[in-house]
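Report on one structure; see the data block that follows.
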Amino acid sequence: MATIWFLSVVFLTCLLLAALKRKKQQRGPPSPPGFPIIGNLHQLGDLSHQSLWRLSKKYGPVMFLKLGRVPTVVVSSSETAKQALKTMTFIVDSLKQMIVNHFSGPRELSYNHLDIPFSPFDDYWKELRRMCVQELFSAKRIHSIQPIKDEEVKRLIHSVSESASNKSPVNLSEKFLALTVSVICKAAFGLSFQGTVLNNDRFSKLVGEAFLFLGSFSASDFYPNGGWIIDRLTGLQGWRERSVRDLDDFYEQMFDLHKQGNKNGVEDFVDLLLRLEKEETVLGYGKLTRNHIKAILMNVLLGAINTSAITMTWAMAELMRNPRAMNKVQTKIRNQMGNNRSVITLDDIDQLHYLKMVIKETWRLHPPAPLLVPREVISEFEINGYNIQPKTLLHVNAWAIGRDPDTWKDPEVFFPERFMDNDIDAKGQNFELLPFGSGRRICPGMYMGTTMVEFGLANMLYHFDWKLPEGMVVEDIDMEESPGLTVGKKNELLLVPMKY
């Protein structure tokens with residue numbers, strides 16, 4: 018009898034320990050209290066990356082939120098980002114998927130019927146990515162389009178020189194955006210706005226609006242089964258449809274221009290896609306269609322244009338607020354390049370080590386996409402001892418990581434020299450600095466974006482000294498952020514150039 022009693026106690030103890038162990042293994046991340054139906058939506062402001070950063074200070078670097086009906090986990094430290102991006106497996110909710118969510122509407126006005134799979138692991142996606150990298154973003158391709166960059170930067174220098182002669186302020190936010198629009202459209206699409214029905218200013222505004230509402234609150238994102246009704250009532254749906262019409266008009270005009278023939282006889286990216294469509298080329302699971310081409314171009318446009326301009330603008334703003342760093346970077350560029358250089362070339366950039374540190378420090382404080390691209394978990398895994406369940410949306414807060422005092426000394430201070438004695442780069446292997454993301458879904462245009470920023474800044478810092486408009490002092494430079502999918506300066510950067 019005693020033996021049976023002893024065995025029963027042992028058995029029950031084992032069951033209890035197993036249950037406790039299982040409960041511990043299944044524990045989820047800490048979460049701020051929410052409300053029925055809306056969950057934690059009320060705790061997100063216009064700048065959600067900042068709201069999440071403030072919450073992470075209380076609830077830790079792995080935090081669970083219920084955003085409407087969508088379970089969400091946010092990681093806010095380099096170590097947890099490494100676990101999420103390098104160790105675990107996800108289906109990525111790509112930029113294209115975000116466009117689908119925000120452009121939902123009538124079939125003829127939407128890219129919601131593209132039937133492109135979102136998994137980064139299938140043959141179709143891999144083939145598209147390989148083609149884009151090879152045709153647009155490879156080092157060979159970047160060097161081949163250098164004459165285009167040279168031409169557009171010369172135009173920029175000439176335009177700014179006129180303002181320098183008149184001692185009038187220059188809107189650098191606008192100038193940098195126009196530069197990247199011109200370079201990308203010529204390089205990727207073989208298209209110049211000059212002498213065509215397309216308008217540079219109108220297109221820049223169209224891209225800006227697309228980024229604004231892609232990053233705005235959309236009920237469809239948080240209530241998949243009925244949020245579109247709310248979006249219709251708030252007017253967001255109508256805004257999307259107008260934007261889609263304008264973007265479709267742009268694409269169709271671009272296709273018409275390409276059908277008229279390429280003047281230089283060189284096949285550009287759009288020519289390639291149109292040829293593949295005509296030849297009914299099969300990529301992975303099916304044929305490439307006109308709607309597929311529009312979706313690909315949407316990714317290229319929204320992924321390549323705004324981010325470089327944003328980084329250049331933030332860099333100039335930070336340098337104006339830090340005269341020591343401004344003087345140092347200009348002195349080093351001018352000493353290394355000498356006098357009478359019409360344009361600093363791509364080959365020259367490798368010598369400009371302090372400029373590269375300035376850009377890294379800008380990315381640390383102002384990553385263009387502060388929450389990276391969200392990822393959807395497909396299988397249960399663990400971060401920091403917390404279990405993350407399938408169907409959970411995962412955000413990496415790169416903005417918070419750049420301000421983590423456990424990683425960076427004086428994280429709020431703009432100090433490019435912090436990169437002098439370490440080998441941290443922005444290529445996705447150092448999780449302290451993630452402007453382009455990491456892993457399988459790292460931005461394929463990383464090299465193009467980096468060289469664009471280096472090239473544009475180097476020439477503006479070499480050819481001109483800069484001062485604030487009359488009546489302004491350094492303390493008047495505001496660093497307020499604008500809401501959106503990418504985060505730039507809320508107010509445009511106006512500076513007075515002086516010819517060097």
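Count along the sequence shown from 1, then add 17; that gives the number in this note's numbering. From the three backbone atoms N, C-alpha and C, an ideal C-beta is built for every residue, glycine too.
First through last residue of the alpha helix (DSSP H) which encompasses residue i
i           : result
residue 295 : 286 to 295
residue 483 : Run containing residue 483: none in the alpha helix (DSSP H); it sits in the beta strand (DSSP E), 481 to 484.
residue 164 : 163 to 183
residue 392 : First-last for residue 392: 392 to 394, but that is the beta strand (DSSP E), not the alpha helix (DSSP H).
residue 375 : 370 to 382
residue 269 : 253 to 276
residue 400 : Run containing residue 400: none in the alpha helix (DSSP H); it sits in the beta strand (DSSP E), 398 to 400.
residue 361 : That residue, residue 361, is in no alpha helix (DSSP H); it is neither H nor E in DSSP.
residue 389 : Careful: residue 389 lies outside any alpha helix (DSSP H) and carries neither H nor E.
residue 198 : 189 to 206
residue 98  : 95 to 99
residue 237 : 236 to 239
Below-9 Å beta-carbon distance, residue i vs any chain D residue
i           : result
residue 222 : Considering every chain present, this structure includes no chain D. It has just one protein chain.
Cβ neighbours of residue i in the same chain (closer than 8 Å, five flanking residues each side left out)
i           : result
residue 67  : 416, 498
residue 185 : 513
residue 62  : 68
residue 338 : 431, 491, 494, 496
residue 460 : 320, 453, 454, 466
residue 443 : 377, 380, 450, 451, 452, 453, 463, 467
Cβ-based neighbour list, residue i, same chain, cut-off 7 Å, excluding 5 preceding and 5 following
i           : result
residue 125 : Residue confidence for residue 125 is low, a pLDDT of 33 falling below 50, so the modelled location carries little weight and cannot support an answer.
residue 84  : 56, 57, 58, 239
residue 365 : 354
residue 297 : 304
residue 294 : 305, 306, 307, 310
residue 340 : none
residue 46  : 79, 80, 81, 90, 403
residue 77  : 47
residue 487 : none
Inter-residue CB distance, residue i and residue j (contact presumed, cutoff 8 Å)
i           : j           : result
residue 433 : residue 371 : 7 Å
residue 563 : residue 159 : The displayed coordinates of the chain run from 18 to 517. Any statement about residue 563 would go beyond what the structure contains.
residue 482 : residue 360 : The Cβ separation is near 18 Å, so there is no contact.
residue 375 : residue 332 : 6 Å
residue 325 : residue 470 : 5 Å
residue 64  : residue 500 : 6 Å
residue 400 : residue 100 : 5 Å
Beta-carbon gap between residue i and residue j smaller than 9 Å
i           : j           : result
residue 318 : residue 389 : no
residue 436 : residue 373 : yes
residue 336 : residue 350 : no
residue 510 : residue 189 : yes
residue 381 : residue 419 : yes
residue 206 : residue 148 : no
residue 503 : residue 327 : yes
residue 463 : residue 445 : yes
residue 103 : residue 396 : no
residue 44  : residue 403 : yes
residue 193 : residue 330 : yes
residue 13  : residue 75  : With the chain represented from 18 up to 517, any question about residue 13 goes unanswered, as that position is not in the structure.
residue 312 : residue 515 : no
residue 476 : residue 174 : yes
residue 291 : residue 276 : yes
residue 15  : residue 264 : In the structure displayed, the chain extends from 18 to 517; residue 15 sits before or after that span and is not available.
residue 423 : residue 94  : yes
residue 260 : residue 236 : no
residue 441 : residue 429 : no
residue 204 : residue 285 : yes
Close-in-space but distant-in-sequence residues of the same chain around residue i (CB under 6 Å, 5 per side omitted)
i           : result
residue 518 : For residue 518 there is no data in the structure shown, the boundaries of the chain being 18 and 517.
residue 410 : 87, 89, 391, 393
residue 69  : 91, 414
residue 41  : Its pLDDT being 47, under 50, residue 41 is placed unreliably by the model, and the measurement read from it follows with that caveat. Once the five neighbours on either side are set aside, residue 41 has no close Cβ partner at all.
residue 412 : 91, 388, 391
residue 143 : none
Bounding residues of the beta strand (DSSP E) (the contiguous stretch that carries residue i)
i           : result
residue 344 : No beta strand (DSSP E) contains residue 344, which is instead part of the alpha helix (DSSP H) from 340 to 354.
residue 83  : 79 to 84
residue 412 : 410 to 413
residue 512 : 511 to 516
residue 504 : No beta strand (DSSP E) holds residue 504; DSSP gives it neither H nor E.
residue 87  : 87 to 92
residue 403 : 403 to 405
Report task. Give, in chain order, every unbroken run of the alpha helix (DSSP H) that is at least 4 residues long and sits entirely within the region 422 to 495. Result -> Runs of the alpha helix (DSSP H) inside the region 422 to 495: 463 to 480.
Report task. Any chance you could list the alpha helix (DSSP H) runs of at least 4 consecutive residues sitting entirely within the region 48 to 82, in chain order? Result -> Along the length of the region 48 to 82, whole alpha helix (DSSP H) runs at least 4 residues long occupy 65 to 76, reported in chain order.
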